[in-house]
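Below is one structure, written out as structure tokens; comments come after it.
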Ligand code: SF4
Ligand code: SF4
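Numbering (the numbering used here), first residue to last: 837 to 1263.
What follows is the structure in structure tokens.
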């Protein structure tokens, strides 16, 4: 198995063996019209409308990447507001006052799928986006042109290499048969011949359970991956499991591979059976000041502040969407849970390291999983030298944070690379 760069991190997965439980339904949900990569939906309800569980409340725009948004609860659309997301972007949000009845929308039924087009349409209608954190609309990922880019391998990403987060692991342990059903449907409808489920070797129970569930089906294999961060990064995973390299500017489909996150394919497995779109998701609540780490099914739009009492996150100083390596710092804990969040982590005593001059030790270079030169990228960014940033291929940075983590001089290399990418994107 090929391994390039990366780092060993403490796993800190205290919630790994905590079964997922439902949370009390919040009185209010704030459901943003943008919960994935791409464009925001247009609200499909107006103030005062009654909504039910699974009812479409956001219509996708025709042009560009976009998936519909559905109501996670029954109740009333109390308001349609302007909303600022954690990444600074803005969109509309539908505020729902829940009624506690959780009445299901009358149109919910399993999708009828007769051909590839029906399949892609159904996946889009489900509102599904990658649940691992990147939020790429799943229908778009599956819409590859099999004549131009024939795909022979479906990879299921079960690496979950971020510390603390265990939502994919719980999907394996609690919903392994949904994952298998989702895999078989995707393979069948897209005519993909084989599937490899990659799971880090620090999750032996998930590996053996999935092998047992799959049984004698030779077209689906489970492979143990080294527990090395960022093993779950798409390009790293493809290289580890197939030896194939996704070239600059290309997608995994160009090397014959589609990668789906374990929770995403598990959700699709359930959706193909019951027709309920993506209205809630499993998240892990953990961190270094959390008294009761756990896993919860959370309706989309639930405020993070409504979750803190469930895990006992007293005394936190910083909260993140996701884990400490690639998570997004929350500027306001009234921010809602979206399709992108596999966990919320709470921390106290985050010391800022004093930044000193680069000692050219090369650790950042050795740690980079995509073989970039983080120290040179930082220098080029500081000079605003866009030509040099392009030559150093700043656009290939996957924002994993390994370079910052290993730097003995406390240099904020990964953060600078993100800014560099934004600068290049504006050219
Ligand atoms: S790890 Fe830090 S100190 Fe070492 S070469 Fe990279 S930037 Fe310089
Ligand atoms: S953040 Fe970017 S530059 Fe730094 S190690 Fe990760 S991929 Fe390499």
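Ideal Cβ placement from N, Cα and C applies to all residues, glycine included.
Just so we're clear, the structure is a prediction, and the values are computed from it rather than from any experiment.
- The DSSP assignment places complete beta strand (DSSP E) segments of no fewer than 3 residues inside the segment 911–993 at 911–920, 926–934, in order along the chain.
- By the CB criterion at 8 Å, residue 1184 and residue 1136 fall outside the cutoff.
- Close CB contacts of residue 1192 within its chain, under the 7 Å cut and outside five residues either way in sequence, are with 1245, 1246 (chain order).
- Within the same chain, and ignoring the five residues on either side of residue 1061 in sequence, the residues whose Cβ sits closer than 8 Å to its Cβ are 837, 995, 1034, 1035, 1036, 1037, 1067, 1073, 1076, 1077.
- Look at residue 1230: its beta carbon is at least 7 Å from all of the heavy atoms in ligand 1.
- Closer than 7 Å to some heavy atom of ligand 1: that describes the Cβ of residue 1245.
- Our two residues, residue 1045 and residue 928, have alpha carbons roughly 42 Å apart in a direct line.
- Closest by C-alpha distance to residue 989, out of 1026, 958, 1030, is 1030.
- By the CB criterion at 8 Å, residue 1032 and residue 1054 fall outside the cutoff.
- Relative to the non-hydrogen atoms of ligand 1, the Cβ of residue 892 never comes closer than 7 Å to any of them.
- Taking 8 Å as the cut-off, the beta carbon of residue 1094 is found closer than this to the beta carbon of residue 987.
- Placement of the Cβ of residue 969 at a distance of 7 Å or more from every heavy atom of ligand 2 is found.
- If you check the C-beta of residue 851 against ligand 2, you find no heavy atom less than 7 Å away.
- By the 16-neighbour rule on beta-carbons within 10 angstroms, residue 1249 is buried.
- When distances are taken from the beta-carbon of residue 944 to the heavy atoms of ligand 2, even the shortest one reaches 7 Å or more.
- Contiguous alpha helix (DSSP H) elements confined to the segment 1221–1248 occur at 1222–1227, 1238–1242, taking only those with 4 or more residues.
- Separation of residue 1047 and residue 982 (C-alpha to C-alpha, rounded to the nearest whole angstrom) is 29 Å.
- The segment 966–979 and the segment 911–931 do not touch, with fewer than three beta-carbon pairs separated by less than 8 Å.
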